[in-house]
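Undergrad: Read in order, the letters of the sequence shown correspond to residues 1 to 441 in UniProt numbering. Positions of the beta carbon are idealized from the N, C-alpha and C atoms, including for glycine. I'd like to ask you about the structure that follows.
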Amino acid sequence: ETLVGVCVERSLDMVVAILAILKAGGAYLPLDPDYPESRLAYMLSDSGVDIVLTQSQVLDSLPFLESWALCLDDAQLAIRLTAMPSDNLSVSSVGLCAEHLAYVIYTSGSTGQPKGVMVEHRNTAALLAWALDFYSRETLGCVLASTSMCFDLSIFEIFAPLAAGGSVLIVKNILNFFETDALDKVTLVNTVPSAAKILLSGKKLPVKLKTINLAGEALKQDLVDSLYQAGFSSVYDLYGPSEDTTYSTYKLRTAKGRASIGIGIANTQLYVLTQSGQLAPKGVSGELYIGGAGLTRGYLNRPELNDEKFVTNPFYDGLGSNSSKRLYRTGDLVRWLPSGELEYLGRIDHQVKVRGYRIELGEIEHVLEECDGIKEAVVLAREAGGNDKRLVGYLVATGADSHEARLIEEARQHARKTLPDYMVPSAFVLLEHLPLTANGK
């Protein structure tokens, strides 16, 4: 289970590197070269990676790298590779089994540092088995890959079309959609609701593009209606945490219909539990617990968090082939609808989703409070119109005479050095003190 880092630009090298690592029996750690150095350094240190596949043009993103960096565009490497065996490796020859690690993907953590989710081959295989059964080969013929490989939507974008014998069209991001070469080949777009608005710019959609998957954020009905008006024939609402391998539920949304996150994908069990741990009746809200074939191994180097979030299933049926021994506590508040589908109601903790990225607000607050001159910090996700949310940081200075503009700029720059762009608040407000409730909280 050797873990190998992949830090490359969005290109053919990205897919080749990932497939090569998996083919050799290893597991890959995605490292986005656009991430801040401090975050990449933490991910490398926490994961214990010894080898990173990269490119010469992104080496500047890795000046701290103590691992062995292997540049895929190195001419000397190409010469050495030609001398190596080119026989096709098999699962048995590398000693690989379904329970071996496939990749580790880092998500936001409440302690100020991201946490790595360990995903096994069997987890990804279960997701792909559902995808190949649910979507036609024509629909998976050419999938647009527009999300960072550090975001788990990339798992579907890369592996589902390849498993179906289709192709992957790699772009830097979906904002470049209409300037993309070979756009006429795209049959499916897989993205987040806030990014899907680029498809509603008034420009004509490619003839073959009829299906869109939207995940990572609440999908509002007005966006669904607009996408159908733009020419899509299928708008899917998908939900799932990284801890359950990308997608856990799906729903074909309809024009003028009711919002829901639908039902579980194949081999997934969903439980809605009250605070007392009892099954919630239809219409009664509770926390969503997930079990099944997509349930991952857990968090890397986080035994206490594993005990907290991955719990024993009190409803486990040893005689049932579709019963999971463990469940993942999502922290999401949901309820069963009369139709048997799930309605998403919100979070029960300090976590939000912005542009599809799952963010622990506590991690951002922790970083801001490390900045000189800041005594306290609170970060909130505010509605910004439509499906958009933006992060707003509220700061309390250590001294009453602090210069507001300078302090805010220092906080912004400190956040940019430590956090990915999507976690940096878009606005800051300086307060004399944080508002308190009557009991001092």
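#1: Are Ala164 and Leu132 close, meaning C-beta to C-beta below 8 Å?
#2: Under 8 Å between the Cβ atoms of Gly393 and Leu368?
#3: What three-state label does DSSP hand Lys208 in the structure shown?
#4: Does the distance from the CB of Lys417 to the CB of Ser92 come in under 8 Å?
#5: Can we say the segment 351-369 touches the segment 107-122, given the rule of at least three CB pairs closer than 8 Å?
#6: Bridge partners of Leu430, per DSSP?
#7: Pick from Gly26, Leu434, Lys23 and Ile18: whose alpha carbon is nearest that of Leu72?
#8: Express the C-alpha separation of Thr180 and Val15 in angstroms, rounding to a whole number.
#9: Just to confirm the assignment: which complete alpha helix (DSSP H) runs, minimum length 4, are found wholly within the segment 169-242?
#10: Quick check on this structure: which residue in Leu391, Ile170 and Asp244 has the alpha carbon closest to the alpha carbon of Thr107?
#11: Would Leu183 and Leu214 be called neighbours here (beta carbons separated by less than 8 Å)?
#12: Cα-Cα, which of Gly385, Asp307 and Asn173 is closest to Ala195?
#13: So what does DSSP say about Leu31, is it helix, strand or coil?
#14: Quick check on DSSP: helix, strand or coil for Val104?
#15: Nearest to Val216 by alpha carbon, out of Arg358, Gly373, Gln55 and Glu99?
#16: Can Leu407 and Leu395 be called in contact, C-beta distance under 8 Å?
#17: Per DSSP, which one or two residues make a beta bridge with Leu3?
#18: Kindly indicate which three-state DSSP category Ser167 falls into: helix, strand or coil?
#19: Please name the residue in Pro241, Arg253 and Lys389 whose C-alpha comes closest to that of Leu327.
#20: For the segment 288-349, list the alpha helix (DSSP H) runs that are entirely contained and at least 4 residues long, ordered along the chain.
#21: Quick one: measure Cβ to Cβ for Ile155 and Ala145, integer angstroms, because I've assumed they're closer than 8 Å.
TA: Quick look at the numbers:
#1: Here the question's residue 164 lines up with position 164 in the sequence shown. Here the question's residue 132 lines up with position 132 in the sequence shown. Yes, Cβ-Cβ distance for Ala164 and Leu132 is below 8 Å.
#2: In the sequence shown, the residue the question calls residue 393 occupies position 393. In the sequence shown, the residue the question calls residue 368 occupies position 368. Closer than 8 Å, so yes.
#3: Residue 208 sits at position 208 when you count from the first residue of the sequence shown. Residue state, collapsed to three classes: coil.
#4: Start at 1 with the first residue of the sequence shown, and residue 417 comes out as number 417. Start at 1 with the first residue of the sequence shown, and residue 92 comes out as number 92. It is not a contact, given that the beta carbons lie outside the stated cut-off.
#5: yes
#6: Within the sequence shown, numbered from 1, the residue matching residue 430 stands at position 430. Per DSSP, Leu395.
#7: The residue labelled residue 72 in the question sits at position 72 within the sequence shown. Ranking Gly26, Leu434, Lys23 and Ile18 by Cα distance to Leu72 puts Ile18 first.
#8: Here residue 15 corresponds to residue number 15 of the sequence shown, with the count starting at 1. Here residue 180 corresponds to residue number 180 of the sequence shown, with the count starting at 1. Whole-angstrom Cα-Cα distance: 18 Å.
#9: 193-196 and 221-230
#10: Translated into positions along the sequence shown, residue 107 becomes position 107. Considering only alpha carbons, the answer is Asp244.
#11: The count along the sequence shown starts at 1 and reaches residue 183 at position 183. The count along the sequence shown starts at 1 and reaches residue 214 at position 214. Taking 8 Å as the Cβ cut-off, Leu183 and Leu214 do not qualify as a contacting pair.
#12: One-based indexing of the sequence shown puts residue 195 at position 195. The residue with the shortest Cα to Cα distance from Ala195 is Asn173.
#13: If you number the sequence shown from 1, residue 31 lands on position 31. Of the three classes helix, strand and coil, the one that applies to Leu31 here is coil, per DSSP.
#14: Within the sequence shown, residue 104 is the residue found at index 104, counting from 1. In the structure shown, Val104 sits in a strand (DSSP, three-state: E or B).
#15: Locating residue 216 in the sequence shown gives position 216, where the first residue counts as 1. First, the amino acid is wrong: residue 216 is Gly here, not Val. Minimum Cα distance to Gly216 is reached at Arg358.
#16: Here the question's residue 407 lines up with position 407 in the sequence shown. Here the question's residue 395 lines up with position 395 in the sequence shown. Yes, the pair counts as a contact, with Cβ atoms nearer than the cut-off.
#17: Counting from 1 along the sequence shown, the entry for residue 3 is found at position 3. Looking at the DSSP assignment, Leu3 forms a beta bridge with Ala27.
#18: To locate residue 167, count along the sequence shown from 1; it is residue 167. Here Ser167 sits in strand by DSSP.
#19: As a working note, residue 327 is residue 327 in the sequence shown. It is Pro241 whose Cα lies nearest to the Cα of Leu327.
#20: 303-309
#21: Your numbering for residue 155 matches position 155 in the sequence shown. Your numbering for residue 145 matches position 145 in the sequence shown. That pair is no contact at about 11 Å.
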